[in-house]
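Inspection log for the structure reproduced underneath, given as structure tokens.
Residue numbers (the working numbering), protein chains in the order written: chain A, 403 to 677; chain B, 2 to 269.
And the structure:
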């Protein structure tokens, strides 16, 4: 093989590899879309194929499109969705900040850990949804009540994951940092927190999903606006199609927030998952 | 052969402190507990490391060589005895003692240059000075081109060179190394050993290196501390009266190897 022959083979090899990757990516997207279409088709056909089924109770996609257009065009849907997302993210933010701070503190200060362990683990076992009635009595059906509930629900997964991550930081990394002259605050901010970040992120992701669940539960009980309230109202006025629009919106929001979260996490942790 | 031996073959070594000694370990014992049974990691150990010494500690596993390093680094406090650096008792780790670990211990979330910069930030140096020093030390370990890469993108040998740069950038008078080349392949190890000798000659720090390889100890050290296990002791400290760079095939080199091996066999 002479030099030009080598170049030619390399170029052909690179091109074919690239083409294979592209074909693979296209195939994946096509299958994704096909899966959604198959599901919609089955949903469209199934209610109609069962004799005597009330299509108002079990609306196929075609029966929901009208409600979707109506709610979207009036702007109502986006108002509900925006309110619900804002509530979820607000409670999530408070819960996340509290969870990370307390997680680091309980991992680093043993007396505080032993002092708080029984209460934290005891409270952790209480589902946030069980507290909805109490929150309504204490805080009413306003924003405070919802924020408190979502904060409660999101705090615990973040706390426990941060705690585990900070506690199990490699002793050699801590020794490295200290022998390089790191102060306690440098150690926490530049070593322990980054080292715990993969677990913290896992806790945050879990909490983000919980924030949506608690948000809906709180809105179902009482709210003047929000997707949960929209679904609850739809039940009262017997608009099953409106309910489905609400469910669809929740599904899309949950999916989009999770994707966004993963994207941001990968941006923050280019080093993660490799050693 | 007697010229090689610096201390008598009997009993624990005890050296009188001198003005030149940077590290002074005197009558140190460390007791620890395994499954409820107390056990001596070190018993009555005394060594002195001069400001320009390259001390290598060899011995079987369980001889307490890592414990000895951890004491000097300040990661551990002795049960009995004193450990001093330049006349001051060592109470905690600090930037006056660089440490290089076997498993590199680089911060995976920082780039190569940010890893090297870590200690300078801790000292509160201004950004311009930090950048200058980082560039200087990355060049010294021949890694200037890898400055913006993450540790996971580097080979084992490159990672260890970053670890050396990170430890040395603080310009510590003492560098502690815990089997620094145990995790790299033989060819990389030989290259890194030569680079370490050059760094040591160029930067003039005192070295304390732990190894289980007699060859590594004799190739690198000005002194070899021969240790034995159960309980951990320093049995002998042998001088290596050979000039650098050392020739592994020279009769004098093999003579020193033989002396260290005999000491190990005698006390093992």
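In this text, a Cβ means the ideal position worked out from N, Cα and C, and glycines have one as well.
As the structure is a computational prediction, the values presented were derived from the model and not from experiment.
Exposed or buried, what is residue i when buried is set at 16 or more other beta-carbons lying within 10 Å of its beta-carbon?
i, result
"residue 22(B)", "buried"
"residue 513(A)", "exposed"
"residue 540(A)", "exposed"
"residue 4(B)", "Residue placement at residue 4(B) is poorly supported in this model, since its pLDDT is 43, which falls under 50; the coordinates still yield a value, given next. Label assigned to residue 4(B): exposed."
"residue 94(B)", "buried"
"residue 585(A)", "exposed"
"residue 648(A)", "buried"
"residue 250(B)", "exposed"
"residue 109(B)", "buried"
"residue 645(A)", "buried"
"residue 412(A)", "exposed"
"residue 75(B)", "buried"
"residue 105(B)", "buried"
"residue 202(B)", "exposed"
"residue 17(B)", "Because residue 17(B) carries a pLDDT of 48, less than 50, the predicted location of this residue cannot be relied on, and the following value inherits that uncertainty. Classification of residue 17(B): exposed, given that the 10 Å Cβ count is below 16."
"residue 659(A)", "buried"
"residue 12(B)", "Confidence in residue 12(B) is poor, its pLDDT being 40 and thus under 50, which makes the residue's placement unreliable; the coordinate value appears in the next sentence. By the 10 Å Cβ count, residue 12(B) comes out exposed."
"residue 509(A)", "buried"
"residue 477(A)", "exposed"
"residue 482(A)", "buried"
"residue 392(A)", "Chain A is shown only over 403 to 677; residue 392(A) falls outside these bounds and no answer can be derived."
"residue 407(A)", "exposed"
"residue 623(A)", "buried"
"residue 159(B)", "buried"
"residue 536(A)", "exposed"
"residue 228(B)", "buried"
"residue 179(B)", "buried"
For residue i, which beta-bridge partners are listed by DSSP?
i, result
"residue 393(A)", "Coverage of chain A is limited to positions 403 through 677, which leaves residue 393(A) absent and any answer about it impossible."
"residue 85(B)", "25(B), 90(B)"
"residue 56(B)", "209(B), 224(B)"
"residue 41(B)", "32(B)"
"residue 235(B)", "228(B)"
"residue 98(B)", "175(B)"
"residue 51(B)", "22(B)"
"residue 46(B)", "29(B)"
"residue 240(B)", "224(B)"
Note down, in chain order, every chain B residue with its Cβ under 8 Å from the Cβ of residue i.
i, result
"residue 593(A)", "108"
Strictly below 8 Å CB to CB, what residues from chain A border residue i?
i, result
"residue 100(B)", "577, 578, 581"
"residue 104(B)", "574"
Cβ closer than 7 Å: which chain A residues qualify as neighbours of residue i?
i, result
"residue 76(B)", "577"
"residue 252(B)", "None at all; the shortest Cβ gap to chain A is about 40 Å."
"residue 94(B)", "577, 580, 581"
Would you mind telling me which residues of chain B sit closer than 9 Å to residue i, beta carbon to beta carbon, in chain order?
i, result
"residue 596(A)", "108, 109, 110, 111"
Could you work out which residues of chain B lie near residue i, taking near to mean beta carbons separated by less than 7 Å?
i, result
"residue 588(A)", "123"
Under 9 Å Cβ-Cβ, which residues of chain A neighbour residue i?
i, result
"residue 158(B)", "Per Cβ cutoff of 9 Å: no residues; residue 158(B) is ~16 Å from chain A at best."
Taking only beta-carbon positions, decide if residue i is within less than 8 Å of chain D.
i, result
"residue 585(A)", "You won't find chain D in this structure, because its protein chains are A and B."
Can you tell me whether residue i sits near the ligand MG, meaning its C-beta is under 7 Å from at least one heavy atom of the ligand?
i, result
"residue 632(A)", "No copy of the ligand MG occurs in the structure displayed, which carries no ligand at all."
Is the stretch 191 to 199 of chain B close to the stretch 587 to 605 of chain A, with three or more CB pairs under 8 Å?
-> Per the Cβ contact rule, the stretch 191 to 199 of chain B is not in contact with the stretch 587 to 605 of chain A (fewer than 3 Cβ pairs under 8 Å).
Discussion item. Can you pull out the residues from the stretch 117 to 128 of chain B whose beta carbon lies closer than 7 Å to at least one beta carbon of chain A?
Written reply: So the list reads 119, 120, 123, 124, given in the order they occur along the chain.
Notebook entry, point to check: In the stretch 517 to 546 of chain A, which residues sit with their C-beta less than 9 Å from some C-beta in chain B, listed in chain order?
Noted result: So the list is empty, because no residue satisfies the distance condition.
With 8 Å as the limit, tell me which residues of the stretch 559 to 585 of chain A have their beta carbon closer than that to any beta carbon of chain B; keep them in chain order. Of all residues in the stretch 559 to 585 of chain A, those with a C-beta nearer than 8 Å to a C-beta of chain B are 572, 574, 575, 577, 578, 579, 580, 581, 582, 583, 584, 585, reading in chain order.
Residues in the stretch 444 to 461 of chain A having any Cβ partner in chain B nearer than 7 Å: Cβ contacts with chain B: none found.
Three Cβ pairs or more, each shorter than 8 Å: is that satisfied between the stretch 249 to 265 of chain B and the stretch 216 to 224 of chain B?
Yes, since at least three Cβ pairs between the stretch 249 to 265 of chain B and the stretch 216 to 224 of chain B fall closer than 8 Å, the two stretches touch.
| query | Any chance the stretch 514 to 527 of chain A sits against the stretch 571 to 578 of chain A, with 3 or more Cβ pairs inside 8 Å? | reply | With fewer than three CB-CB distances shorter than 8 Å, the stretch 514 to 527 of chain A does not count as touching the stretch 571 to 578 of chain A.
The stretch 47 to 67 of chain B in contact with the stretch 202 to 217 of chain B per 3-pair CB rule at 8 Å:
Result yes; three or more Cβ-Cβ pairs closer than 8 Å.
| message | Pairs of beta-carbons, one from the stretch 539 to 553 of chain A and one from the stretch 611 to 618 of chain A, closer than 8 Å: are there three or more? | response | Contact between the stretch 539 to 553 of chain A and the stretch 611 to 618 of chain A is present: three or more C-beta pairs spanning the two stretches fall below 8 Å.
Counting pairs of Cβ atoms below 8 Å between the stretch 112 to 127 of chain B and the stretch 143 to 152 of chain B, do you hit three or more? Cβ pair count under 8 Å is three or more, so yes.
query = Is the number of C-beta pairs between the stretch 130 to 142 of chain B and the stretch 160 to 174 of chain B that are closer than 8 Å three or more?
reply = The stretch 130 to 142 of chain B vs the stretch 160 to 174 of chain B: in contact.
Below 8 Å, can you find three or more Cβ-Cβ pairs linking the stretch 23 to 33 of chain B to the stretch 41 to 52 of chain B?
Result yes; three or more Cβ-Cβ pairs closer than 8 Å.
| task | Would you check if the stretch 457 to 466 of chain A and the stretch 625 to 634 of chain A touch, i.e. whether three or more CB-CB distances between them fall below 8 Å? | result | With a cut-off of 8 Å, the stretch 457 to 466 of chain A and the stretch 625 to 634 of chain A do not count as touching, because too few Cβ pairs lie within range.
Does the pairing of the stretch 78 to 85 of chain B with the stretch 557 to 566 of chain A give three or more beta-carbon distances under 8 Å? Using a Cβ-Cβ distance cut-off of 8 Å, the stretch 78 to 85 of chain B and the stretch 557 to 566 of chain A are not in contact, since fewer than three pairs of beta carbons, one from each stretch, lie closer than that value.
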